[in-house]
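In what follows, a structure is listed as structure tokens, so that the remarks can point back to it.
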Amino acid sequence: MILLMGPMADPVLANVCARLAARNADLMLVHPESEGDSWDIAWSTEGGAMADRFRIGDRTIHLSDIDSVYLRSLGSRAASTPGERMVVTSLWEFAESLPVLVVNRRQASHTNMSKPYQLRLIAQYGFQVPKTLITMVPEEARRFYDDCQGRVIYKSISAERSIVKPLTPEDFSRLEQIRYCPVQLQETIPGTDLRIHTVGGRLFATEVLSDGADYRYAERENKQRTMRAVELEPDIQTRCLNLATGLGLSLSGIDLRRTPDGAYYCFEVNTSPGFTFFENYTGQRIGDALADLLCAGRA
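Counted the way our numbering counts, the sequence shown spans residues 161 to 459.
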């Protein structure tokens, strides 16, 4: 049995569910919204290990029947009440206790809750990382801007999605606002964007060409974007797979930029990537690879 934890309204989870259904996989969707207001979860331990029988909502399940778990859109940020947050936390703890493949486990998933922290981990795997400043001091931000000769972008520090934008002189009057909330500034790295999805030991590389600062929002800013599947050189493939493995991720979305002189910079690793966006452009079978991984029950 494969447990899918998350809302079916999520297009990525729905995609994976469809791929698994096409394989006649034994599935169970686990999410409070699908069970009603009285939903709960209960399990126990015996001799330091999880007992074989546990209850999810009205269903009793045997641990030995579970082969793998896929967690998607199960963040506590989406929970608005203490009770909902407790349920989400319980689901994380439940998945963490299972002795099966979990895509992805909580500790591994939380590496990008702090982008600066994750960037330090990334640097250990052979990728260059951009010069970065995290500050609440407007004067430091201005000095960083000058040091980078005006080629600077800003974005969020946490896993909260934000639009990457260039810092311009028109923004200087708003720098006083960072005294109340730290901002992450990075030097602008010229080159071509690459999104690398790793699924177990498989790798899917997508080249993205765009004249916007953040290709995800190209249409919103009236910018152009083209995407195509590409083949990475073996050394970079190995680095990507080693990075995902080192972070404990069975599924990842790695954001790279290749400079004109052939250097590779890594900006971050998405621990729950919305890969359908890239599939729709390239035809890459990322969802099928994930379905195969979940059916195999091992990374």
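We put the beta carbon where it would ideally sit given N, CA and C, even for glycine.
Cβ neighbours of residue i in the same chain (closer than 8 Å, five flanking residues each side left out)
{"i": "residue 338", "result": "295, 296, 297, 298, 301"}
{"i": "residue 276", "result": "292, 294, 317, 344"}
{"i": "residue 268", "result": "407, 408, 409, 431"}
{"i": "residue 176", "result": "164, 230, 232, 447, 450, 451, 454"}
{"i": "residue 219", "result": "188"}
DSSP-derived helix/strand/coil call for residue i
{"i": "residue 287", "result": "coil"}
{"i": "residue 456", "result": "helix"}
{"i": "residue 367", "result": "strand"}
{"i": "residue 353", "result": "strand"}
{"i": "residue 268", "result": "helix"}
{"i": "residue 234", "result": "coil"}
{"i": "residue 183", "result": "coil"}
{"i": "residue 280", "result": "helix"}
{"i": "residue 188", "result": "strand"}
{"i": "residue 443", "result": "coil"}
{"i": "residue 168", "result": "coil"}
{"i": "residue 400", "result": "helix"}
{"i": "residue 406", "result": "helix"}
{"i": "residue 304", "result": "helix"}
Residues bridged to residue i [DSSP beta-bridge criterion]
{"i": "residue 344", "result": "294, 315"}
{"i": "residue 430", "result": "413"}
{"i": "residue 202", "result": "215"}
{"i": "residue 228", "result": "162, 261"}
{"i": "residue 386", "result": "369"}
{"i": "residue 222", "result": "213"}
{"i": "residue 424", "result": "418"}
{"i": "residue 325", "result": "314"}
{"i": "residue 362", "result": "359"}
{"i": "residue 274", "result": "318"}
Rounded C-alpha distance that separates residue i from residue j
{"i": "residue 168", "j": "residue 456", "result": "22 Å"}
{"i": "residue 305", "j": "residue 324", "result": "16 Å"}
{"i": "residue 402", "j": "residue 333", "result": "43 Å"}
{"i": "residue 257", "j": "residue 273", "result": "21 Å"}
{"i": "residue 440", "j": "residue 249", "result": "33 Å"}
{"i": "residue 191", "j": "residue 364", "result": "29 Å"}
{"i": "residue 311", "j": "residue 366", "result": "25 Å"}
{"i": "residue 212", "j": "residue 404", "result": "31 Å"}
{"i": "residue 447", "j": "residue 246", "result": "30 Å"}
{"i": "residue 362", "j": "residue 179", "result": "17 Å"}
{"i": "residue 340", "j": "residue 442", "result": "42 Å"}
{"i": "residue 451", "j": "residue 308", "result": "44 Å"}
{"i": "residue 320", "j": "residue 437", "result": "18 Å"}
{"i": "residue 230", "j": "residue 285", "result": "26 Å"}
{"i": "residue 263", "j": "residue 233", "result": "12 Å"}
{"i": "residue 349", "j": "residue 327", "result": "13 Å"}
{"i": "residue 189", "j": "residue 224", "result": "17 Å"}
{"i": "residue 359", "j": "residue 445", "result": "11 Å"}
{"i": "residue 459", "j": "residue 261", "result": "Note that residue 459 has pLDDT 48, beneath the 50 cutoff, so the model's placement of it is unreliable and no number is given."}
Contacts around residue i, its chain only, beta-carbon distance under 6 Å, and the 5 residues preceding and following it disregarded
{"i": "residue 283", "result": "289"}
{"i": "residue 215", "result": "202"}
{"i": "residue 395", "result": "none"}
{"i": "residue 386", "result": "369"}
Min CB distance residue i to chain C below 9 Å
{"i": "residue 213", "result": "Going by chain labels, chain C is absent from the structure shown, which holds only one protein chain."}
Other residues of its chain near residue i: CB distance less than 7 Å, five sequence neighbours each side excluded
{"i": "residue 315", "result": "322, 324, 344"}
{"i": "residue 278", "result": "271, 272, 428, 429"}
{"i": "residue 399", "result": "285, 286, 287"}
{"i": "residue 313", "result": "324, 325, 326, 327, 346, 348, 373"}
Could you tell me whether the stretch 352–360 touches the stretch 421–441, using the rule of 3 or more Cβ pairs below 8 Å? yes
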